[in-house]
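Going down the list, the protein sequences come from chains A and B. Quick note: the first sequence uses my numbering, first residue 1, plus one each step. Quick note: the second sequence uses my numbering, first residue 1, plus one each step.
Protein chains: 2
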Amino acid sequence: MHHLHVFWLEIVFILLAVVAIGYSFSNFTNVKRIFIGRPLRTKELHAQHTKLFWLIALPILSADLYSSVAYGPEAGMTELAGLGASAKWFILPITVSTILLLAILIVSYIMGVIAYPSGGGAYAIAKDNFKKPFPSLLASSSLLVDYVLTVAVSVSAAVEAVSSAYPVVAPFETIIAIVCVCLLVVINLRGIAESAKVFAWPTFVFMGCMLLLIAAGFLFEFRHGFTQASTPPIGTVPQGLSTLLILKAFSSACSALTGIETISNAVPVFREPQQKSAIKTYIALGVITAITLFGFAYHLYIQGITPDPHNTMLSQLAEVYYGHGLLYQILIWSTFIVLILAANSTFTGFSQLAAIVAADGFLPRALTNRGDRLGYSNGIFVLAGLAILLIIAFRAHTNALIPLYAIGVFLSFTVAQIGLLRRWRRVKGTKWRVKFVINLIGSIITALVAVIFAFTKFVDGAWVVLIVLPLIIVLSLMIKRHYTQVASELKIDPKETRPVAHRIITIVLISGVHRVVNNTMSFAKSFSNETIAVYVGFDDESIDKMEQKWEDWGNPCRLVVLRSSYRSILEPITRFIQTLEKWEGGAPDHIHLVVPQFIPKKWWHNILHNQNALLLRAWFFRNKNVIITTVPYRLTK
Amino acid sequence: MHHLHVFWLEIVFILLAVVAIGYSFSNFTNVKRIFIGRPLRTKELHAQHTKLFWLIALPILSADLYSSVAYGPEAGMTELAGLGASAKWFILPITVSTILLLAILIVSYIMGVIAYPSGGGAYAIAKDNFKKPFPSLLASSSLLVDYVLTVAVSVSAAVEAVSSAYPVVAPFETIIAIVCVCLLVVINLRGIAESAKVFAWPTFVFMGCMLLLIAAGFLFEFRHGFTQASTPPIGTVPQGLSTLLILKAFSSACSALTGIETISNAVPVFREPQQKSAIKTYIALGVITAITLFGFAYHLYIQGITPDPHNTMLSQLAEVYYGHGLLYQILIWSTFIVLILAANSTFTGFSQLAAIVAADGFLPRALTNRGDRLGYSNGIFVLAGLAILLIIAFRAHTNALIPLYAIGVFLSFTVAQIGLLRRWRRVKGTKWRVKFVINLIGSIITALVAVIFAFTKFVDGAWVVLIVLPLIIVLSLMIKRHYTQVASELKIDPKETRPVAHRIITIVLISGVHRVVNNTMSFAKSFSNETIAVYVGFDDESIDKMEQKWEDWGNPCRLVVLRSSYRSILEPITRFIQTLEKWEGGAPDHIHLVVPQFIPKKWWHNILHNQNALLLRAWFFRNKNVIITTVPYRLTK
């Protein structure tokens, strides 16, 4: 009987949910005010951004990049886990290569800031430097896909960090991750500005914790000797190692490099001199990230830590140095907050990029609408929906997704740098040859890395990216074509095409003689048009009755009675309209259908009344060129 | 990486489903024709019923009752399973009591047929004999709840029968059960008449198989001795036995008695003399069911068979006598078909009863609508939806539900018999005292059984029925009150209240000067009304541009420009309408809002265009007393 009780609990839960949703709908505005806050004027848009000192901007703009440190090395080592202990030392060369790549990317992006001081992501750079839309669409599609993956991965990683410390929450990871995404939606609909200084502190705390952890490591090793019992031997080549496997591990580790583009998009946020501040921030971020990555990897190596699906490597290392004390707790929770912040900044990134691309006509225009609090609400919902789908599909274990998004990142890096190359050649300017060479090297390396990723991860899911990206690009081009066609179809010459009066026949649908019909007939009578009342009867009895009633009512207008043998209302009306349209010598320009609609006092009363008005509208909209008027009648009971 | 592939398969599946649904919508009529068939005229309603000879009517009308034989004894013995082998012999006294109850019920129902030769279920009998609606609503609610339970239980039992024979399908029971329900929906929407003779044969085959099985058992016992090694000792009182437990087992076994009312509802289906045929059928059915129940229970006892959740008792017994040969296969498949037929006849029962109750105003009126093939489509959908919910909630293991529906059945039996009592006292007629006494005894016993069920199964779920039934009754009364109130509110005196012309102000919403707006303005110009064009602008630039364009267009009518600082379209229009409504000296009787609506060529293009027209309609319908006209404009590209 156990099942039975569970079932009735579910029923109760569903009923409560229905009541809650019903209440929310009937008081939608109030509920919205509580969660989202008062609406903002469009003019307040520019007042929001207080300019930031670069040292404060650093943590705010780096949550995405710096937080990846928490999972990058782990993602790399997971690839080599099958090789056993003798492969552990590979964490060092792999991390060093990652840091080299980081240096190249930071230098390349500084070039981007120099070229576009007003801020410009890969899409903007590509749009500015290529005539054809393909490169910019490639950049935008890969970034959009990556943003979705980033939210799924960051939120899942955040939840995993907490469940490493508290295994009791492990069974609820998926639901907690979904709740986190929903909270991010509310936060982003409220539109707390990306530049809110309050976001600086968790990242600072996390940076401090990471550096302290590394320092604690060195202190520990100073006291316990630099080689430990658990330190794996260096330089041995484990059985089964292949170039492919090393490249795979490297690709996964490079997931630590996502989020570099954030600063270059946000140059206007800096205090003057903006360009110099942005460059300073890039350099500082590069140095801190490099130190952290290397120190973290080094201690992981010294302690011989291996990936464990139930305990992140960061958590394992912290346990070695800190035990389960306060410092450990601070580290775990700041990891959680920083990873959530990384997902949060992605929301701004996604919705802004989607809005820019949509404004150019390559995505549905609805993505350009600003909500009550000036955020691009539709973009926020789309991102959250897709991320939640991924989280559910992978049960919040998104490690498998990490390699996928490195491809997108490096594709967009490459497109942006090739765009810069074209720009330097066109614009020239001081030392343009130096800049050209820097971006040339950068573009070759990022292209190479993208190819390596696509190749090594092909069977593990990269093929999906290589199918999805072209698909999005083709869809974008189709959308653009549709908008262009519609615009040309709708265009008129205002001097020539002007509104003129038409001949219109008004048809009033009636179901009897009662107050609602009286109301509707009164409306129809207020016009000078030809009006016909139409009644659809299912049997002789009701038809005779109706004709008699109409007579008693003093024949307010001509009554046409349609017999419906098949009990359909749509079918006889459709036929009648066709007859009118083909009426020789007297066909009207437009047919105008007037339908009474009954509005009950409580929304759930709707289930008690037929929804013919809605049905008719839906049907005639799809099938006939008919103008439809609904005359509401509000019930008082 | 396993997860990843599963996930992409899901995505592909969802995409295919979306395409299929999209295609179905765009070709809805065609798809519907294939599955449902051509629509039928209302007049064909009575032509459908070919009158049946009673021997053919017997299997058709008894699928529900007779099929329960397959699970009734098992449900009873499952209750005693905890007591071990020494309780096995209780199957005999429990089955005998069930058969006695069957006899009483059949006699009582024959009284019903005598009283209402034109057919009358518990609801009709109660409605005819009680002034207050409570007894008839009690009967209808318990029958409706039971119909839902019957579909869930019969379909699940059918699938379990097959998975006893083929354990390989066991993991898919839920999905197979849901597919079966969906097939039943299609069959019932097609409306194959309940009286189709083709439905007679599976039940005949099943009856034959059951009787053959019982005969085979006696043959087996004749050859192997009437007491076997596995035959449990009789008369021992097992440890832990209580009156409560025996009553529980008895209640569960009584689930074999559901479906007796079918024949009394269907008297008009019989060939003349209808009454006598129906009575003959009742007697024949009673005899066959009693023989089957007793024979089946006897052999179960002799073979010492115990309930096994993975192998039904029927299947176990058949294995003993037939092995896994052809006879076993025929038995299993005819069990499957008969149980599905039982669910099928329930569809007719539910939708007809719901339609009758709805016609009296106690349920939503939509339940009285006949579909294309004259079935009550809405009732069919409601029943299928609820049954599927139950099947999912119980993962197609609906044994826990069996005791629940005995309560409903016996409640409605009791109501019907008390109704008959009142009728006999009122109408009198020949031998009315005899009939009175029969129904008196019947009603006392059924009431007693209902109380026993409610009591013994209280914690196991009967409390749910005792909450749900009053809830449905209260809802029914509220629905009735609503309909009565609305009817009185809508009523007018046709001599006094007549349609009169009103003063109407027409507001045309425009978004610019283009072909769609031109079309809409032309429509508005065709009337003699006051027309105001309204434009909502988000910033000065677009407002200035609009005013200039309007000038260039030759000022087709007065233009009002509303500035929306909060980017809302609804809010400024609402304020404007409020201003008009309060306009001193010039307030119109009605405000008429004309909205252009853009209809793209492909339905999925809708995602590329804003749906302001829909939004406006929904909003103003809820919030303002405004007449809304949508002027469609069909894109050609």
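In this text, a Cβ means the ideal position worked out from N, Cα and C, and glycines have one as well. None of the values given here were measured: they were computed from a predicted structure.
(request) Measure the alpha-carbon distance for F458/A versus S251/A and round it to whole angstroms. (result) 12 angstroms
(request) Return yes when the Cβ of A400/B is within less than 8 angstroms of the Cβ of F394/B, no when it is not. (result) yes
(message) Check whether chain A comes within 8 angstroms of F381/B, counting only Cβ atoms and requiring the distance to be less than that.
(response) Output row for F381/B: interface = no.
(request) Would you mind sorting P273/B into buried or exposed? The rule is 16 or more other CB atoms within 10 Å of its CB. (result) exposed
(message) Can you tell me whether A290/A sits near the ligand MG, meaning its C-beta is under 7 angstroms from at least one heavy atom of the ligand?
(response) For the structure depicted, the ligand MG is absent and the ligand set is empty, with no information on it obtainable.
(message) Counting only beta-carbon separations shorter than 8 angstroms, does I628/B have a partner in chain A?
(response) At least one beta carbon of chain A lies nearer than 8 angstroms to the beta carbon of I628/B.
(request) Using a cut-off of 9 angstroms between C-beta atoms, extract the partners of F621/B located in chain A. (result) Q597, I599, T630 and P632
(message) Run through chain B and tell me which residues come within less than 7 angstroms of N625/A, C-beta to C-beta.
(response) P632 and R634
(request) Rounded to whole angstroms, what's the CA-CA distance from V186/B to I380/B? Just pull it up for me. (result) 9 angstroms
(message) Looking only at its chain, what residues have a beta carbon closer than 6 angstroms to the beta carbon of K637/A, apart from the 5 residues adjacent to it on each side?
(response) none
(message) Can you check whether the C-beta of D540/A is within less than 8 angstroms of a C-beta belonging to chain B?
(response) Not one chain B Cβ lies under 8 angstroms of D540/A.
(request) Taking 8 angstroms as the cut-off, decide whether the C-beta atoms of F270/B and S277/B are in contact. (result) yes
(message) Please state whether the Cβ-Cβ distance between A501/A and S564/B is less than 8 angstroms.
(response) no
(message) Do T174/B and A297/B have their beta-carbon atoms positioned less than 8 angstroms apart in this structure?
(response) no
(request) Please state if the CB of L184/A and the CB of A343/A are separated by a distance shorter than 8 angstroms. (result) yes
(request) Taking only beta carbons into account, state which residues of the segment 477 to 489 of chain A come closer than 8 angstroms to chain B, listed in chain order. (result) Within the segment 477 to 489 of chain A, the qualifying residues are I479, H482, Y483, Q485, V486 and E489.
(request) Quick one: residues in its chain with C-beta nearer than 7 angstroms to the C-beta of L80/B, no 5 flanking neighbours on either side, listed in chain order? (result) A87, F90, L245 and A249
(message) On the DSSP letters alone, give me the boundaries of the alpha helix (DSSP H) that L137/A sits inside.
(response) Where L137/A is concerned, the enclosing alpha helix (DSSP H) starts and stops at F134 to A165.
(request) Kindly give me the distance between the Cβ atoms of L331/A and L213/A, rounded to whole angstroms, as I take these residues to be in contact under 8 angstroms. (result) 7 angstroms
(message) Just to make sure I have the definition right: I need the residues of chain B whose C-beta is within less than 8 angstroms of the C-beta of P497/A. Which are they?
(response) At residue 497/A the sequence reads Thr, which differs from the Pro that was named. Per Cβ cutoff of 8 angstroms: R515 and N518.
(request) Would you list the one or two residues that DSSP bridges to R563/B? (result) According to DSSP, which records beta bridges pairwise, R563/B is partnered with G537/B.
(message) Please return the same chain residues whose Cβ sits closer than 8 angstroms to the Cβ of G235/A, not counting the five positions on each side in sequence.
(response) W89
(message) Tell me the residue span of the beta strand (DSSP E) that contains R271/A.
(response) No beta strand (DSSP E) contains R271/A, which DSSP labels as neither H nor E.
(message) Helix, strand or coil, according to DSSP, for E496/A in the structure here?
(response) coil
(message) Beta-carbon within less than 8 angstroms of C180/A's beta-carbon, same chain only, minus the 5 sequence neighbours each way: which residues are those?
(response) V155, A158, V159, I340 and A343
(message) Using beta carbons (cut-off 8 angstroms, strictly below), is K131/A in contact with chain B?
(response) no
(message) So R370/B contacts chain A; which residues on that side make the cut at Cβ distance below 8 angstroms?
(response) R567
(message) So, for D146/B: in the same chain, excluding its five sequence neighbours on each side, which residues have a beta-carbon less than 6 angstroms away from its beta-carbon?
(response) Y405, G408 and V409
(request) For chain A, find out if any of its Cβ atoms is closer than 8 angstroms to the Cβ of D552/B; answer yes or no. (result) Under the Cβ criterion of 8 angstroms, D552/B is counted among the residues facing chain A.
(request) Closer than 8 angstroms by C-beta to A613/A: which residues in its own chain qualify, once you throw out the five before and the five after it? Chain order, please. (result) V595, P596, Q597, F598 and T630
(request) Within 10 angstroms of the Cβ of I627/A, are there 16 or more other Cβ atoms? Answer buried if so, exposed if not. (result) buried
(message) Just to make sure I have the definition right: I need the residues of chain B whose C-beta is within less than 8 angstroms of the C-beta of R696/A. Which are they?
(response) The structure shown does not extend to residue 696/A, since chain A is modelled only from 1 to 637, so the question has no answer here.
(request) Whole angstroms is fine: what's the gap from G217/A's alpha carbon to V320/A's? (result) 9 angstroms
(request) Using a Cβ cut-off of 8 angstroms (strictly closer), state whether K248/B contacts chain A. (result) no
(request) Using three-state DSSP, classify E547/B as helix, strand or coil. (result) helix
(request) Report yes if the CB atom of R503/B is closer than 8 angstroms to the CB atom of D372/B, and no otherwise. (result) Not a contact, by the Cβ cut-off of 8 angstroms.
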